[in-house]
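*Asks:* Here it is, the structure in full.
Residue numbers (the working numbering), protein chains in the order written: chain A, 67 to 191; chain B, 96 to 283.
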């Protein structure tokens, strides 16, 4: 079968006519959709303390891991890691003197706030 | 179809006049049902699918950007939904490896009219891998307009052309088998 024949077969496809009640049925569904109550929004106010607690716990955990790196048994990989961490810890301690964890937390919250604002603004456009 | 009428009706719906959506439905019901029918080959299912496509369009009406024609936006929504619906519940698949069918064709028993050839082609299209089938369906639905098919599918024109070419090639190689099956069915 040549391409022209394929074109001919497809172009001569008979069309079907929607049943007489189709538009009515669509409009009934549309009206029911329009009269339905709006979806319940995510309870950001209630969830915020929990989310904040999670962020603080994660930051705390990361800082803790870097501050006390030599806990547990010492494998080769751990020793290498410890050497690397030994170099980083003084930097972290210095950063902590200037309240780096709070700066980090502040940045995370700002980022989350910005994302939320973009999301809400995008929904209304 | 008048694009201005669509725009006016959309503005009315967005202003709270839901009955204006009925004019949109009446204007586009036939193309949307026919497009669905080309995907599923089942009249009743085509209407169900078209109804859901209209509902999705109604829900997302605010998201229509006026830089594209309303029809392009509507077809893109419908196509997207129809494709995912066909992935969820595919139409009845036709087996590809019917040796008897091929043998009957090769034996020179072929005396097929246009209608039979059309049926065989549609069966062969149904059995194509989905990405080629979707492109072929949309290409012919949009009266062989590659850019319209590409807009509906949300794909670059180059991809549509490549899939079209590959799909036709597969179709041509498999068609004899489907023609043979048809002959066998009619002989039984």
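Glycine residues also receive a C-beta, built at the ideal position from the N, C-alpha and C atoms. As the structure is a computational prediction, the values presented were derived from the model and not from experiment.
Does residue 172 of chain B pass the burial test, meaning 16 or more other C-beta atoms within 10 Å, or should it be called exposed?
*Replies:* In the second chain, counting from the first residue as 1, residue 172 of chain B sits at position 77. Residue 172 of chain B is buried by the Cβ-count criterion.
*Asks:* Could you name each continuous alpha helix (DSSP H) segment of 4 residues or more that falls completely within the stretch 215-253 of chain B, going from the start of the chain to the end?
*Replies:* 225-236, 241-248
*Asks:* Return the residues of the stretch 85-99 of chain A that lie within a Cβ-Cβ distance of less than 7 Å from chain B, sorted by chain order.
*Replies:* Taking 7 Å as the Cβ-Cβ cut-off against chain B, the residues of the stretch 85-99 of chain A that qualify are 85, 88, 89, 91, 92, 93, 95, 96, 97, 99.
*Asks:* With a CB to CB cut of under 7 Å and the five nearest residues on each side skipped, what residues in its chain are close to residue 147 of chain B?
*Replies:* Here the question's residue 147 of chain B lines up with position 52 in the second chain. Excluding sequence neighbours, residue 147 of chain B sits near 176.
*Asks:* How big is the Cα-Cα spacing for residue 141 of chain B and residue 165 of chain B?
*Replies:* Here residue 141 of chain B is taken as the residue at index 46 of the second chain, counted from 1. Here residue 165 of chain B is taken as the residue at index 70 of the second chain, counted from 1. C-alpha separation (whole angstroms): 21 Å.
*Asks:* Go to residue 156 of chain B, then tell me how far its alpha helix (DSSP H) extends in each direction, as first and last residue.
*Replies:* Along the second chain, read from residue 1 onward, the residue named residue 156 of chain B stands at position 61. No alpha helix (DSSP H) contains residue 156 of chain B, which DSSP labels as neither H nor E.
*Asks:* Beta-carbon within less than 7 Å of residue 232 of chain B's beta-carbon, same chain only, minus the 5 sequence neighbours each way: which residues are those?
*Replies:* Stepping through the second chain from its first residue, residue 232 of chain B is reached at position 137. Taken in chain order, the residues that qualify are 133, 134.
*Asks:* For residue 152 of chain A, is the classification buried or exposed, using 16 other Cβ atoms within 10 angstroms of its Cβ as the cut-off for buried?
*Replies:* In the first chain, residue 152 of chain A corresponds to position 86, counting from 1. The residue is exposed, with fewer than 16 neighbouring Cβ atoms inside 10 Å.
*Asks:* Just how far apart, CA to CA, sit residue 212 of chain B and residue 75 of chain A?
*Replies:* Taking the first residue of the second chain as position 1, residue 212 of chain B is located at position 117. Taking the first residue of the first chain as position 1, residue 75 of chain A is located at position 9. Roughly 8 Å between the two C-alpha positions.
*Asks:* For the alpha helix (DSSP H) containing residue 54 of chain B, name the first residue and the last one.
*Replies:* Because chain B in this structure spans residues 96 to 283, residue 54 of chain B falls outside the shown range and cannot be described.
*Asks:* DSSP on residue 162 of chain B, reduced to helix/strand/coil?
*Replies:* Working through the second chain from its first residue, we reach residue 162 of chain B at position 67. Correct three-state label for residue 162 of chain B: coil.
*Asks:* Taking all protein chains shown into account, do 16 or more other C-beta atoms lie within 10 angstroms of the C-beta of residue 139 of chain B, making it buried, or fewer, making it exposed?
*Replies:* Here the question's residue 139 of chain B lines up with position 44 in the second chain. So residue 139 of chain B counts as exposed.
*Asks:* Could you tell me the distance, in whole angstroms, from the CA atom of residue 255 of chain B to the CA atom of residue 181 of chain A?
*Replies:* On the second chain, residue 255 of chain B is found 160 positions in, with the first residue counted as 1. On the first chain, residue 181 of chain A is found 115 positions in, with the first residue counted as 1. In a straight line, the C-alpha of residue 255 of chain B is about 35 Å away from that of residue 181 of chain A.
*Asks:* Let me check you understand the geometry: is the CB of residue 126 of chain A closer than 6 Å to at least one non-hydrogen atom of the ligand FMN?
*Replies:* In the structure shown, the ligand FMN is absent, as is every other ligand, since no ligand is present at all.
*Asks:* Which chain A residues sit within Cβ distance under 7 Å of residue 228 of chain B?
*Replies:* Mapped onto the second chain, residue 228 of chain B falls at position 133. Simply none; closest approach about 12 Å.
*Asks:* At a CB-CB cut-off below 7 Å, which residues of chain A make contact with residue 153 of chain B?
*Replies:* Locating residue 153 of chain B in the second chain gives position 58, counting from the first residue. Those are 96, 99, listed as they occur along chain A.
*Asks:* Where do the N-terminal and C-terminal ends of the alpha helix (DSSP H) with residue 108 of chain B fall, by residue?
*Replies:* Counting from one through the second chain, the residue named residue 108 of chain B turns up at place 13. Residues 98-109.
*Asks:* Using a Cβ-Cβ distance cut-off of 7 Å, determine whether residue 110 of chain B contacts chain A.
*Replies:* Numbered from 1 along the second chain, position 15 holds the residue referred to as residue 110 of chain B. For residue 110 of chain B, the answer is no, since every Cβ of chain A falls outside 7 Å of its Cβ.
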